[in-house]
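Inspection log for the structure reproduced underneath, given as C-alpha coordinates.
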Amino acid sequence: MAEVSYFTKDGLEKLKEELQKLKTTGRADISKAIAEARDKGDLSENAEYDAAKEAQGLHEAKIAQMQETLANARLLDESKLDTSKVLALSIVKIKNLKNGATMSYQLVSESEADLKTGKISVASPIAKGLLGKKVGETTEITVPAGKIEFEILEISR
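Residue numbers (our numbering): 13 to 169.
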(Lines of atoms letter the chains of each structure in order from A and count residues from 1; the text may use other names and numbers.)
(Lines give C-alpha, C1' and ligand atoms only; values in the text may rest on other atoms or scores of the structure.)
Protein backbone atom coordinates (compact mmCIF):
# COMPACT_ATOMS: atom_id res chain seq x y z
CA MET A 1 0.00 0.00 0.00
CA ALA A 2 1.43 3.36 -1.01
CA GLU A 3 1.76 6.27 1.34
CA VAL A 4 -0.76 9.11 1.11
CA SER A 5 0.82 12.51 0.43
CA TYR A 6 -0.88 15.83 1.11
CA PHE A 7 -0.38 18.68 -1.33
CA THR A 8 -1.25 22.31 -1.74
CA LYS A 9 -3.03 23.23 -4.97
CA ASP A 10 0.21 24.67 -6.41
CA GLY A 11 2.22 21.63 -5.41
CA LEU A 12 -0.24 19.25 -7.02
CA GLU A 13 -0.26 21.28 -10.25
CA LYS A 14 3.57 21.25 -10.37
CA LEU A 15 3.56 17.47 -9.93
CA LYS A 16 1.05 17.04 -12.78
CA GLU A 17 3.05 19.37 -15.07
CA GLU A 18 6.33 17.56 -14.38
CA LEU A 19 4.71 14.17 -15.02
CA GLN A 20 3.25 15.42 -18.32
CA LYS A 21 6.67 16.77 -19.37
CA LEU A 22 8.33 13.44 -18.57
CA LYS A 23 5.70 11.56 -20.57
CA THR A 24 5.96 13.78 -23.65
CA THR A 25 9.27 15.53 -24.25
CA GLY A 26 11.25 13.24 -21.93
CA ARG A 27 10.14 10.08 -23.70
CA ALA A 28 10.69 11.67 -27.11
CA ASP A 29 14.26 12.70 -26.20
CA ILE A 30 15.13 9.21 -24.99
CA SER A 31 13.55 7.59 -28.04
CA LYS A 32 15.66 9.83 -30.26
CA ALA A 33 18.85 8.91 -28.35
CA ILE A 34 18.07 5.19 -28.72
CA ALA A 35 17.42 5.59 -32.46
CA GLU A 36 20.70 7.47 -32.95
CA ALA A 37 22.64 4.81 -31.04
CA ARG A 38 20.92 2.01 -32.99
CA ASP A 39 21.97 3.65 -36.28
CA LYS A 40 25.62 3.35 -35.29
CA GLY A 41 25.79 -0.35 -36.01
CA ASP A 42 26.33 -3.54 -34.02
CA LEU A 43 24.18 -3.39 -30.86
CA SER A 44 26.15 -6.11 -29.03
CA GLU A 45 29.14 -3.78 -28.58
CA ASN A 46 27.39 -0.41 -28.57
CA ALA A 47 27.88 1.28 -25.18
CA GLU A 48 25.89 4.32 -26.31
CA TYR A 49 22.88 2.09 -27.04
CA ASP A 50 23.19 0.38 -23.65
CA ALA A 51 23.38 3.75 -21.88
CA ALA A 52 20.33 5.05 -23.76
CA LYS A 53 18.32 1.91 -22.88
CA GLU A 54 19.35 2.23 -19.23
CA ALA A 55 18.31 5.90 -19.24
CA GLN A 56 14.97 4.83 -20.69
CA GLY A 57 14.47 2.34 -17.86
CA LEU A 58 15.27 4.95 -15.22
CA HIS A 59 12.98 7.46 -16.93
CA GLU A 60 10.07 5.01 -17.00
CA ALA A 61 10.67 4.12 -13.33
CA LYS A 62 10.49 7.82 -12.43
CA ILE A 63 7.24 8.18 -14.38
CA ALA A 64 5.76 5.15 -12.58
CA GLN A 65 6.81 6.53 -9.19
CA MET A 66 5.30 9.94 -9.96
CA GLN A 67 2.06 8.32 -11.17
CA GLU A 68 1.85 6.39 -7.90
CA THR A 69 2.45 9.58 -5.90
CA LEU A 70 -0.23 11.36 -7.90
CA ALA A 71 -2.68 8.48 -7.42
CA ASN A 72 -2.20 8.71 -3.65
CA ALA A 73 -2.12 12.51 -3.49
CA ARG A 74 -4.69 14.36 -1.43
CA LEU A 75 -5.43 18.04 -1.88
CA LEU A 76 -5.73 19.93 1.38
CA ASP A 77 -8.23 22.76 1.68
CA GLU A 78 -6.16 25.29 3.60
CA SER A 79 -9.20 27.38 4.53
CA LYS A 80 -10.64 24.57 6.66
CA LEU A 81 -7.52 23.77 8.65
CA ASP A 82 -7.31 24.58 12.36
CA THR A 83 -4.81 27.34 13.21
CA SER A 84 -4.80 26.69 16.96
CA LYS A 85 -2.06 24.06 16.58
CA VAL A 86 0.68 23.18 14.10
CA LEU A 87 -0.51 20.89 11.27
CA ALA A 88 0.59 20.09 7.73
CA LEU A 89 0.52 23.30 5.63
CA SER A 90 0.78 25.49 8.74
CA ILE A 91 3.05 28.51 8.50
CA VAL A 92 4.87 28.55 11.82
CA LYS A 93 6.94 31.40 13.22
CA ILE A 94 9.40 30.04 15.77
CA LYS A 95 12.11 31.49 17.98
CA ASN A 96 15.35 29.73 18.79
CA LEU A 97 15.61 30.20 22.57
CA LYS A 98 19.38 29.70 22.57
CA ASN A 99 20.33 32.53 20.20
CA GLY A 100 17.05 34.49 19.90
CA ALA A 101 16.78 34.02 16.11
CA THR A 102 13.28 33.89 14.68
CA MET A 103 12.32 32.04 11.53
CA SER A 104 9.18 31.13 9.67
CA TYR A 105 8.49 27.82 7.94
CA GLN A 106 5.58 26.24 6.12
CA LEU A 107 5.19 22.51 6.70
CA VAL A 108 4.57 20.79 3.35
CA SER A 109 4.88 17.33 1.77
CA GLU A 110 8.34 15.99 1.00
CA SER A 111 8.01 16.65 -2.73
CA GLU A 112 7.09 20.32 -2.15
CA ALA A 113 9.86 21.03 0.37
CA ASP A 114 12.16 23.92 -0.61
CA LEU A 115 14.21 25.54 2.13
CA LYS A 116 14.95 28.61 -0.01
CA THR A 117 11.25 29.50 0.03
CA GLY A 118 10.77 28.53 3.69
CA LYS A 119 8.97 25.26 2.99
CA ILE A 120 10.11 22.26 5.04
CA SER A 121 8.96 18.65 4.82
CA VAL A 122 6.56 17.41 7.49
CA ALA A 123 8.96 14.45 7.77
CA SER A 124 11.91 16.66 8.78
CA PRO A 125 13.07 16.65 12.42
CA ILE A 126 12.04 20.29 12.99
CA ALA A 127 8.56 19.77 11.53
CA LYS A 128 8.04 16.56 13.52
CA GLY A 129 8.95 18.45 16.69
CA LEU A 130 6.49 21.24 15.88
CA LEU A 131 3.45 19.17 14.84
CA GLY A 132 0.58 19.40 17.32
CA LYS A 133 2.10 22.28 19.31
CA LYS A 134 0.26 25.54 20.08
CA VAL A 135 1.30 29.20 20.22
CA GLY A 136 3.37 29.92 23.32
CA GLU A 137 4.54 26.34 23.76
CA THR A 138 8.22 25.43 23.71
CA THR A 139 9.64 22.26 22.25
CA GLU A 140 13.08 20.71 22.26
CA ILE A 141 14.01 19.29 18.86
CA THR A 142 16.95 17.03 18.12
CA VAL A 143 18.69 18.12 14.93
CA PRO A 144 22.05 17.00 13.49
CA ALA A 145 23.78 19.83 15.38
CA GLY A 146 22.30 18.71 18.72
CA LYS A 147 19.20 19.70 20.68
CA ILE A 148 17.60 23.09 20.09
CA GLU A 149 14.73 24.59 22.06
CA PHE A 150 12.14 26.56 20.10
CA GLU A 151 9.17 28.67 21.15
CA ILE A 152 6.17 28.84 18.84
CA LEU A 153 5.33 32.51 18.27
CA GLU A 154 2.63 32.33 15.61
CA ILE A 155 0.65 29.82 13.53
CA SER A 156 -1.11 30.83 10.32
CA ARG A 157 -2.21 29.40 6.96
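The beta carbon of each residue, even a glycine, is placed where N, CA and C say it ideally should be.
Since this is a predicted model, take the numbers as computed values, not measurements.
Close Cβ partners of residue i (< 7 Å) along its chain, the five nearest in sequence each way excluded
i, result
"Met115", "Ile106"
"Phe162", "Ile106, Lys107, Asn108, Leu109, Thr150, Thr151 and Ile153"
"Glu60", "Ala49 and Lys52"
"Lys21", "Leu87"
Exposure of residue i, with buried meaning 16 or more beta-carbon neighbours within 10 Å
i, result
"Val16", "exposed"
"Gly158", "exposed"
"Ala109", "It is Leu, not Ala, that sits at residue 109 in the sequence shown. Flag for Leu109 reads exposed."
"Pro156", "exposed"
"Ser96", "exposed"
"Thr81", "buried"
"Ala64", "buried"
"Ala100", "buried"
"Leu70", "exposed"
"Gly38", "buried"
C-alpha distance - residue i paired with residue j, whole-angstrom precision
i, j, result
"Ser102", "Leu142", "10 Å"
"Lys145", "Gln118", "14 Å"
"Glu57", "Ala139", "51 Å"
"Leu55", "Glu48", "12 Å"
"Asp51", "Lys28", "34 Å"
"Lys128", "Asp41", "31 Å"
"Met13", "Gly112", "Low local confidence applies: a pLDDT of 49 at Met13 is under 50, so the model's placement there is unreliable, and no value is given."
"Ala73", "Gly130", "30 Å"
"Asp89", "Glu66", "40 Å"
"Leu165", "Ser136", "20 Å"
"Arg169", "Val134", "15 Å"
Contacts around residue i, its chain only, beta-carbon distance under 6 Å, and the 5 residues preceding and following it disregarded
i, result
"Pro23", "This sequence places Gly at residue 23; Pro is not what is there. Here the set comprises Glu124."
"Val104", "Val98, Tyr117, Leu142 and Ile167"
Paired residues, beta bridge with residue i - DSSP
i, result
"Ala85", "Ser17"
"Asn108", "Phe162"
"Gln77", "Paired residues: none, contrary to the question."
"Thr129", "Bridge partners of Thr129: none, in fact."
"Tyr117", "Val104"
"Val155", "Gly158"
8 Å CB neighbourhood of residue i in its chain, flanking five on each side removed
i, result
"Ile2", "There is no way to answer for residue 2, as the model of the chain reaches only from 13 to 169."
"Arg86", "Val16, Ser17, Tyr18 and Phe19"
"Met78", "Leu27, Glu30, Leu31 and Leu34"
"Gly148", "Glu163 and Ile164"
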